[in-house]
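>
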Amino acid sequence: NNHSESVSLFEKYINMDSFEDVLNDMAVSEEVLNLYMLFDGLWTWLFQHWSHGLKFDNGLMLEQIIQIKNDRNWGVMAYSYLDKISINSNTNTKLFVKMIKECNELVSPNNEGFAMFHSKEFSRAGFVDFLFSTRIRFNRTDEPATKCLQRGECGIILQKTFSVPPEKFSIQLNEDPSHYPPSLHFHKDQCNPANMHLALMIDGRIFPLTWFWKPLCNNEGGEWEWGFWQFHRRDRRELITAGSLLKWKQSWRMYDKFQLVLLTN
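The working numbering applies: residue 311 is where the sequence shown begins, and numbers increase by one.
Next comes the structure, spelled out in structure tokens:
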């Protein structure tokens, strides 16, 4: 999928007036590949339509989402992802997240079968510079079932390929152990590229990213666009902004910390 397709997909769902229409459309969409993407899409719509006085039929909605998951043979989500998702003061997202978190058919309460990785934590400026580096290093931050006896830390590296035109930009898991430093151990059996889910974390709260597909990265121009997020390497006044498609705006504090978080199972 190229950037124009991802943006049109984002606009399509954001501009729908009905939560039910969004859910029904995403249920059969070929672009929605797993339960995380379905959740992220619904979360984003609810965050966008915060002023709607929605009345959830919790039982019916859960039945629909469980049926979608089963029909499409998707796995469950990690509880730790939902536990850290941003809800702010948005009543719609609070109710939605609470409902999903309490459903064992959609969530693994003890995160069994999942691995969680975090990148290094940065200030805004450092995080933007970090995005434009060639590799993204993640350290495993959960407690694996089998302890690694090697010195150092377990983790993974995502390799970025910059290109002209920017639409050809890609991010892939580096599976070559020779590319890993001695202090970082790569365990191939802990990482399934098909099930990897990437998100943005700001001061310990998760904001969805991968529902918007791959980013558009103009390395020469110093701009990185990922769904409604824009990262500006050259403009130090506007390092991280939310796009014009959104009704809500995010303001940053000087001491906010930014990092990427990745889950896989």
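Every residue gets a Cβ at the ideal spot worked out from N, C-alpha and C, and that includes glycine.
The model shown is predicted, which means the values in this text are computed figures rather than measured ones.
So is E535 buried or exposed if we call it buried at 16+ other beta carbons inside 10 Å?
buried
> Report yes or no: do the segment 458-465 and the segment 396-416 share at least 3 C-beta pairs separated by less than 8 Å?
No contact exists between the segment 458-465 and the segment 396-416.
> Are the CB atoms of I446 and S433 within a distance shorter than 7 Å?
no
> Any chance the segment 319-337 sits against the segment 352-360, with 3 or more Cβ pairs inside 8 Å?
yes
> Anyone know if the C-beta pair for L572 and L508 falls short of 7 Å?
At a Cβ-Cβ threshold of 7 Å, L572 and L508 count as neighbours.
> Taking only three categories from DSSP, how would you classify M336?
helix
> Express the C-alpha separation of M409 and R450 in angstroms, rounding to a whole number.
28 Å
> For the alpha helix (DSSP H) containing M347, list its first residue and its last residue.
345-358
> Please name the residue in L494, N502, F479, K567 whose C-alpha comes closest to that of D513.
K567
> Taking just the CA atoms, how far does L345 sit from P503?
15 Å
> So the alpha helix (DSSP H) V438 belongs to, where does it begin and stop?
434-441
> In whole angstroms, what is the alpha-carbon distance linking M658 and L519?
A query on residue 658 cannot be resolved here, the shown segment of the chain reaching from 311 to 575 and no further.
> Count the other CB atoms, across all protein chains shown, that sit within 10 Å of the CB of A435; report buried if there are 16 or more and exposed otherwise.
A435 is exposed by the Cβ-count criterion.
> In the DSSP assignment, find the unbroken alpha helix (DSSP H) run with Q377 in it and report its ends.
Note, Q377: alpha helix (DSSP H), 368-381.
> Return the CA-CA distance between A337 and T354, expressed in angstroms with no decimal places.
Each residue's alpha carbon lies about 16 Å from the other.
> Just tell me which of E485, F437, H497 has its CA closest to the CA of E464.
Here residue 464 turns out to be Cys, not Glu, going by the sequence shown. Among E485, F437, H497, the Cα nearest to that of C464 belongs to H497.
> Excluding five sequence neighbours on each side, which residues of the same chain lie with their C-beta closer than 8 Å to the C-beta of Y389?
Cβ-Cβ distances below 8 Å link Y389 to K411, V417, S418, P419, N420, N421 in the same chain, with the five nearest sequence neighbours on each side left out; the list follows chain order.
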